[in-house]
Amino acid sequence: MEARRLRWETLAALRASSKGRLSYCRRWPRGEDILEGCMSPLVLSPYSGWVLDRLIGQSAQEITPSRTSTPKESTPHTNQSSSLEKIASPSHQGSSPLSPAEPSEAKLLILYLVTDFIYVLTTQGNDDLRLVEMDQEVFPAVLPSKVTEVEGCIQLYEEMHRLKGKEGLRQRQEQQEQMVRALYDLASEQLKRFDELKELKQHQEFQDLQEVMEKSSKEAQGQQEKLKEEHRHRAKVLNLKLREAEQQRQRQEELERLRKEEGQERLRRLYSIQEEVLQLNQQIDPNYRHKDLPRFDLSAYSNRGNQICGLVSGLIRATSERGFPTPVDVANTERALQEMRGLISSMQQEIAAAVEEKRRRDEEEERQKQEELLKKEQMKAQTPAPAQQSGGKQQKEGLQVKAEESTMQWYQQLQDAAEQCVASFSEISNCKDNNEVKKIKTDLQKAATIPVSQISRIAGSQLREIFDKINNLLSGKPVQSGGRTVSVTQHPQGLDFVYYKLAEKFVNQGGEEVASHHDAAFPIAVVASGIWEIHPRVGDLFLAHLHKKCPYSVPFYPALKEGTSMEDYQRMLGYQVKDSKMEEQDHFLKRMSGMIRLYAAIIQLRWPYGNKQGTHPHGLNYGWRWLAQMLNMEPLADVTATLLFDFLEVCGNALMKQYQIQFWKMMLLIREDYFPRYD
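Listed below in structure tokens is the structure:
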């Protein structure tokens, strides 16, 4: 506590001292700088004289001129003034670096001098103050002057600080301006970089946009190409559909035309059947009286015939109302015709049986009478009648029923050759599991049959092309068929197979094409004759097929053997039997007519581009032999007359030129002796 009390007493004494009563500026230097200034000797700046001159000139107006001083006082002052005058002398002024061009440096120098001056004055002032304190009476006038100077120095010092502050402010402004310029330059550079970056970004965006546009353009082009492709595909599909629709329409029109043609053909068929039925019905006369059968009654046949005629007329009226008859209507009318024919046949058979019965009874009565006459007269009158009767019978039955033995041997040889040919290509015929062989079989069959099917009555210049194609195939050369190359060398049995199928196709064309169009016999015959001449085996197989399908071309009338079914016997006669139903007689005669016409054309024609020096492989001599053998055999109803007419119509002129008078003798024989046998 004592120490603390002593410290406070010391502080109070210091505050009461002369130093303690002095007031200090807070901006003045403190610490070691103050002590260093007190200990250093007094030294004025070289610019002190120049500063004091300026200051004295400004403060002279304020200081009283009547101020006096003692010699003691003036001596130091005088010395000081003299020292200041030396500093401010012209020599010093001339060497002063302060010039109007350097205001900043002058201000700094002034600040420096004022500081030194204030420091000197302060030091001296302290001494003066001490002098004043010691003896205030000795130096009465010193205090005001120094106070004023000190006050002036303080103001100068404050002015220097203000100037220094302005200089600092100016420098700071310059620094700020430099900083602003630097920031401006930096901002400008950054703005340029920003603009460049923005431009780069815009360029990149433009590039991206251009790429996107190109990509979208490509996608649009691809989509457009896709749409075009789809459009082309749809157009193609539509064209196909239109073409199919057009083809369908054409097929429908063709079917409609065929239907109309078939309907008209069926209608004509109905009219012909009706005409035939009416003609047959006219043969049934209920008032008819046979000279030998005066009591024979035909009323039942007449009634049934009228019923059949009414049925046919009703069918025709019904079909006329519907438009065209159907196959069922034609079948019904044909059944009615068959029934009418059967009715006529039954009537004729009944009449014939009755006539035969009456004739038999008459003969029995005559025989009895003759026996009675023979008993009465003698044995001389008994022989002439039987002899005369036997001679008449031989004259009537002089024609044969069977063919000649040599002809049958020739027929059998041809059939055996055909069977051997079939056996020679059994591997091709039975190729059910071998697809390759089956394919070869199909190609060979098409190559052999299609050219023959292309022969028609209007073939014209195509005949030579067809002939060359068939000849090349049989010669082993490759030919084109259905877009593929075909040759008989593809299989060891290919040649025999083609021989057989080609001969069969020629015969079928006779029964189909020639039967429908009689003038087609000649183009088919000229090609067949040319092939026959180059490849004789085709001719033998052709005859074998012809004799099998048309036995009357031998001529040969097959006999019904014991154990043979009726269907097989009908096939032997040349009829086509399907589902135990025999073909119609008209169709049968039409087929037989076509095959005989083809045969008659072959025996008189030769291939015009072949070797004409040789003889015909099957010429007119075979036709003359066939005609002679036909006339030596009993005629068959419908068949013989049809075949003779067709044969003579086709090759009669050629036979007449070849045999001349003999041909006319044959014609006389047919007219006078053969025709009466049809009665």
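Mapping the sequence shown onto the UniProt record's numbering, position 659 (from 1) lands on 659, and the numbers just tick up by one.
Heads up, the beta-carbon is just placed ideally off N, CA and C, and yes, glycines get one too.
Would the stretch 431–449 and the stretch 511–519 be scored as touching if the rule is three or more Cβ pairs under 8 Å?
no
Throw me the rounded Cβ distance for the Leu270 and Ile308 pair, which I believe falls under 8 Å.
With a Cβ gap of about 14 Å, Leu270 and Ile308 do not count as contacting.
How far does the alpha helix (DSSP H) with Ala313 in it extend, from its first residue to its last?
In the sequence as displayed, the identity of residue 313 is Ser instead of Ala. Per DSSP, Ser313 belongs to the alpha helix (DSSP H) from Ser299 to Arg322.
Proximity below 9 Å, CB of Tyr609 to CB of Gly530:
yes
Classification of Thr10 by the beta-carbon crowding that lies within 10 angstroms, buried from 16 upward:
exposed
With C-beta atoms as the reference, is Leu598 less than 9 Å away from Ile534?
no
Residue environment, Lys501, which counts as buried when at least 16 other CB atoms sit within 10 Å:
buried
With a Cβ-Cβ cutoff of 9 Å, do Ala336 and Leu311 count as a contact?
yes
Pull up the DSSP beta-bridge partners for Val486, would you.
Val479
Between the C-alpha atoms of Leu200 and Ser217, what's the straight-line distance to the nearest angstrom?
24 Å
Look up Met582 in the DSSP assignment and give the residues it is bridged to.
Val577
How long is the line joining the alpha carbons of Leu631 and Ala600, rounded to whole angstroms?
16 Å
Would you say Gln604 and Val650 are within 9 Å of each other, going by their C-beta atoms?
yes
Taking all protein chains shown into account, do 16 or more other C-beta atoms lie within 10 angstroms of the C-beta of His545, making it buried, or fewer, making it exposed?
buried
Could you pull the start and end residues of the alpha helix (DSSP H) that Leu627 belongs to?
Leu620 to Leu631
When you compare only the Cα positions, how much space is there between Glu229 and Lys215?
20 Å
Per-residue DSSP class, three states only, for Pro523:
helix
Am I right that Tyr678 and Ala654 are in contact with their C-beta atoms under 8 Å? What's the rounded C-beta distance?
Going by Cβ atoms, the distance from Tyr678 to Ala654 rounds to 26 Å, so no, they are not a contact pair.
Is the beta carbon of Val639 less than 9 Å from the beta carbon of Tyr552?
yes
Answer yes or no: do Phe542 and Val498 have a C-beta to C-beta separation smaller than 9 Å?
no
Would you grab the beta carbon distance between Glu428 and His491 for me? Rounded to a whole angstrom, and I think it's under 8 Å.
Note that residue 428 is Ile in the sequence shown here, rather than Glu. Right, their Cβ atoms sit about 6 Å apart.
So Phe647 and Leu627 are in contact, right, with Cβ under 8 Å, and what is the actual spacing, rounded?
7 Å
Among Ile351, Asn281 and Ala220, whose alpha-carbon lies nearest the alpha-carbon of Met340?
Asn281
Let me know the secondary structure DSSP gives Phe556 once reduced to three states.
coil
Using the beta-carbon count (16 or more within 10 Å), is Ser320 buried or exposed?
exposed
Under 9 Å, do Lys505 and Val452 count as touching if we go by C-beta distance?
yes
Pull up the distance between the alpha-carbon of Leu227 and that of Glu211, whole angstroms please.
23 Å
For Lys549 versus Gly574, is the C-beta spacing smaller than 9 Å?
yes
Going by DSSP, what residue range makes up the alpha helix (DSSP H) through Glu405?
Glu405 to Ser424
When DSSP labels each residue in this structure, what does Thr564 get in the three-state scheme?
coil
Following the continuous alpha helix (DSSP H) through Ile670, name the residue where it begins and the one where it ends.
Premise fails: Ile670 is in no alpha helix (DSSP H) and is neither H nor E.
Within a Cβ cutoff of 6 Å, which residues of the same chain sit near Gln585, ignoring the five residues on either side of it in sequence?
none
Buried versus exposed, by CB contacts within 10 Å (16 or more), Phe556
buried
Less than 9 Å between the beta carbons of Ile596 and Trp532, yes or no?
no
Quick check: is the beta carbon of Leu655 nearer than 9 Å to any beta carbon in chain C?
The chain labelled as chain C is not found in the depicted structure, where only one protein chain is given.
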